[in-house]
Amino acid sequence: MTTHAERYAESLMNAFGPPKLTLSRGEGAHVWDTDGKHYVDFLGGIAVNALGHGHPALVDAVTTQLRTLGHVSNFFATEPQIALAEKLLELLGAGPGKVFFTNSGAEANEAAFKLTRRTARTHLVAADGGFHGRTLGALALTSKAAYREPFEPLPGEVTFVPYGDEQALADAVTDETAAVLLEPIQGEAGVEVPPEGYLAAARRIADEHGALLWLDEVQTGMGRTGAWFAHHRTGVVPDVVTVAKGLAGGFPIGACIGVGAAGELIQPGQHGTTFGGNPVACAAALAVIGTIEAEGLLDHVSVLGQKLRDGLATDPRVTEVRGEGLLIGLDLSEDRAADVFAAALEAGFIVNNPTPRRIRLAPPLVLSEGDAAALLDAWPAILDRAGLAEVSP
Ligand code: PLP
88 MTTHAERYAE SLMNAFGPPK LTLSRGEGAH VWDTDGKHYV DFLGGIAVNA
138 LGHGHPALVD AVTTQLRTLG HVSNFFATEP QIALAEKLLE LLGAGPGKVF
188 FTNSGAEANE AAFKLTRRTA RTHLVAADGG FHGRTLGALA LTSKAAYREP
238 FEPLPGEVTF VPYGDEQALA DAVTDETAAV LLEPIQGEAG VEVPPEGYLA
288 AARRIADEHG ALLWLDEVQT GMGRTGAWFA HHRTGVVPDV VTVAKGLAGG
338 FPIGACIGVG AAGELIQPGQ HGTTFGGNPV ACAAALAVIG TIEAEGLLDH
388 VSVLGQKLRD GLATDPRVTE VRGEGLLIGL DLSEDRAADV FAAALEAGFI
438 VNNPTPRRIR LAPPLVLSEG DAAALLDAWP AILDRAGLAE VSP
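In the numbering used here, each residue's number is its place in the sequence shown (first place is 1) plus 87.
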């Protein structure tokens, strides 16, 4: 009999390498593979499944909207689209602004990239280790050579600076700079948290040169860190914010939000999309936001995230734990992240190994205390099985 792995290899482009599992169903933070094996999902579709799998509020919103009005094109407005734009601006809390809806994080960043070109400047400053997506524009702003080199030349002019280094940022930004682009916490880099005051410094440096401050909150936004936006903890007010991933809890959507004058830069005919702002995706996002509010999930995420970080750090083979809320990164004592991934899978937990020595967790925001406790109980045995040598505490 042909296996899923064989059928996948025969029919899908080999962009991702062989899939780790074939999953067949999910419920809350739990998933099952096609052999019936159960896993607790600490990756959540890479920081996407905010409400986990099959949450009734999300299922109801999507099915009701699909039954009512499924797609209309951007020649027409719909109530869910307007309501979501209003809600995002309210949650951002940065005053008047305007939203452009997309279908993904990369597209949200493409929209923002185009928006920056409307400043009549073309130079951008972004950070080493940052990740902004795989379209050519988003890739131009992503530093990793392995992602960039097969596709060069990429749109310019982009200067990359070490993340978290205020002086390097001050040296790179000039009066020709259209925007400074930063993640408030770098996700793909393995959850890299910048030093206190870094975003405020970026705001000040951008202001000194009349540049926009653009924050990519695709991974950190929509409650992931225990705040609606990760930058809220810093008090900084950005000009542009991009979101996607958890926004509609697994339904494809992204948004580019321009604050104040930045929201007026794109004029009729200068950008567009067929699906962006689709009423079903917007209804899904409204349901996710409404559920986070109704269930008090921001506080839950902050408290549970702290418990997880504290618990994971007690094993001396974990040399550092970083992150906010339920975006957690940890460093191992050896380059065995791939072995930890495999050992966790064996034990019934899905985690992620973004670099050879780093593990990332980004579980559903509805993860229960019991699910978190189960991983903490299993953690020492997972590290043993991964072959990490004992180290004295
Ligand atoms: N920006 C950040 C910070 C991300 O983490 C990602 C995806 O991981 C993206 C942009 C790209 O989003 P998408 O994969 O939806 O295009």
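The C-beta atom is built at its ideal place from N, Cα and C for all residues, glycine as well.
Alpha carbon to alpha carbon, what distance is there between residue j and residue i?
{"i": "Ala368", "j": "Ser98", "result": "28 Å"}
{"i": "Pro106", "j": "Val408", "result": "28 Å"}
{"i": "Asn365", "j": "Gly336", "result": "15 Å"}
{"i": "Thr361", "j": "Phe428", "result": "38 Å"}
{"i": "Ile340", "j": "Asp252", "result": "32 Å"}
{"i": "Leu432", "j": "Gly308", "result": "27 Å"}
{"i": "Arg208", "j": "Ser111", "result": "48 Å"}
{"i": "Gly383", "j": "Ser160", "result": "34 Å"}
{"i": "Asn136", "j": "Phe436", "result": "16 Å"}
{"i": "Ala214", "j": "Pro271", "result": "11 Å"}
{"i": "Asp128", "j": "Ile344", "result": "30 Å"}
{"i": "Glu114", "j": "Lys231", "result": "35 Å"}
{"i": "Phe103", "j": "His219", "result": "17 Å"}
{"i": "Leu462", "j": "Leu448", "result": "11 Å"}
{"i": "Ala425", "j": "Leu269", "result": "28 Å"}
{"i": "Gly363", "j": "Asp402", "result": "45 Å"}
{"i": "Arg94", "j": "Met100", "result": "12 Å"}
{"i": "Gly180", "j": "Leu156", "result": "30 Å"}
{"i": "Gly284", "j": "Ala317", "result": "13 Å"}
{"i": "Ala92", "j": "His125", "result": "19 Å"}
{"i": "Arg326", "j": "His140", "result": "It should be noted that the sequence gives Asp, not Arg, for residue 326. Roughly 34 Å separates the two Cα atoms."}
{"i": "Leu419", "j": "Leu226", "result": "29 Å"}
{"i": "Ala381", "j": "Thr90", "result": "43 Å"}
Do residue i and residue j have their C-beta atoms within less than 8 Å of each other?
{"i": "Phe481", "j": "Gly217", "result": "Here the chain covers residues 88 to 480 and nothing more, so residue 481 does not appear."}
{"i": "Ile415", "j": "Arg445", "result": "no"}
{"i": "Leu385", "j": "Ile379", "result": "yes"}
{"i": "Leu399", "j": "Leu454", "result": "no"}
{"i": "Asp458", "j": "Ala116", "result": "yes"}
{"i": "Leu299", "j": "Thr206", "result": "yes"}
{"i": "Leu241", "j": "Val212", "result": "no"}
{"i": "Ala289", "j": "Val324", "result": "no"}
{"i": "Lys394", "j": "Gly192", "result": "no"}
{"i": "Ala370", "j": "Ala172", "result": "no"}
{"i": "Ala144", "j": "Leu138", "result": "yes"}
{"i": "Gly412", "j": "Thr312", "result": "yes"}
{"i": "Arg404", "j": "Val478", "result": "yes"}
{"i": "Tyr234", "j": "Pro281", "result": "no"}
{"i": "Ala342", "j": "Phe188", "result": "yes"}
{"i": "Leu108", "j": "Asp120", "result": "yes"}
{"i": "His296", "j": "Thr321", "result": "no"}
{"i": "Arg204", "j": "Ala265", "result": "yes"}
{"i": "His210", "j": "Glu263", "result": "yes"}
{"i": "Ala473", "j": "Ala434", "result": "no"}
{"i": "Val438", "j": "Gly310", "result": "no"}
Along the alpha helix (DSSP H) that carries residue i, what are the first and last residues, could you check?
{"i": "Pro366", "result": "Pro366 to Ala381"}
{"i": "Val388", "result": "Leu384 to Ala400"}
{"i": "Glu93", "result": "His91 to Ser98"}
{"i": "Pro167", "result": "Glu166 to Leu179"}
{"i": "Val427", "result": "Ala424 to Glu433"}
{"i": "Leu202", "result": "Gly192 to Arg204"}
{"i": "Gly131", "result": "Gly131 to Ala134"}
For the beta strand (DSSP E) containing residue i, list its first residue and its last residue.
{"i": "Leu268", "result": "Thr264 to Leu269"}
{"i": "Gly297", "result": "Where Gly297 is concerned, there is no enclosing beta strand (DSSP E), given that its DSSP letter is neither H nor E."}
{"i": "Glu407", "result": "Val405 to Glu411"}
{"i": "Thr229", "result": "Element bounds for Thr229: n/a, residue is neither H nor E."}
{"i": "Thr155", "result": "Looking at the DSSP string, Thr155 is not in any beta strand (DSSP E); the run it does join, the alpha helix (DSSP H), is Pro143 to Thr155."}
{"i": "Gly345", "result": "Gly341 to Val346"}
{"i": "Leu419", "result": "Leu414 to Leu419"}
{"i": "Pro467", "result": "Not the beta strand (DSSP E): Pro467 falls in the alpha helix (DSSP H), residues Glu456 to Arg472."}
{"i": "Asp120", "result": "His117 to Asp120"}
{"i": "Leu110", "result": "Leu110 to Glu114"}
{"i": "Asp128", "result": "His125 to Asp128"}
{"i": "Ala213", "result": "His210 to Ala214"}
{"i": "Leu256", "result": "Counting along the chain, Leu256 falls outside any beta strand (DSSP E), though it belongs to the alpha helix (DSSP H) covering Glu253 to Ala259."}
{"i": "Val327", "result": "Val327 to Val330"}
{"i": "Pro447", "result": "One detail in the question is off: residue 447 reads as Arg in this sequence, not Pro. Counting along the chain, the beta strand (DSSP E) containing Arg447 begins and ends at Arg445 to Leu448."}
Would you grab the beta carbon distance between residue i and residue j for me? Rounded to a whole angstrom, and I think it's under 8 Å.
{"i": "Val186", "j": "Leu202", "result": "No, Val186 and Leu202 are not in contact; Cβ-Cβ is about 12 Å, not under 8 Å."}
{"i": "Asp303", "j": "Thr329", "result": "5 Å"}
{"i": "His319", "j": "Ala198", "result": "Wrong, their Cβ atoms sit about 22 Å apart, outside the cutoff."}
{"i": "Glu421", "j": "Ala476", "result": "7 Å"}
{"i": "Ala195", "j": "Val305", "result": "7 Å"}
{"i": "Pro441", "j": "Gly277", "result": "5 Å"}
{"i": "Val245", "j": "Leu228", "result": "6 Å"}
{"i": "Gly184", "j": "Gly356", "result": "Actually they do not touch by this definition, with Cβ atoms about 21 Å apart."}
Just to confirm, does residue i get its C-beta within under 7 Å of one of the non-hydrogen atoms of the ligand COA?
{"i": "Ser191", "result": "Among the ligands modelled here, namely the ligand PLP, the ligand COA does not occur."}
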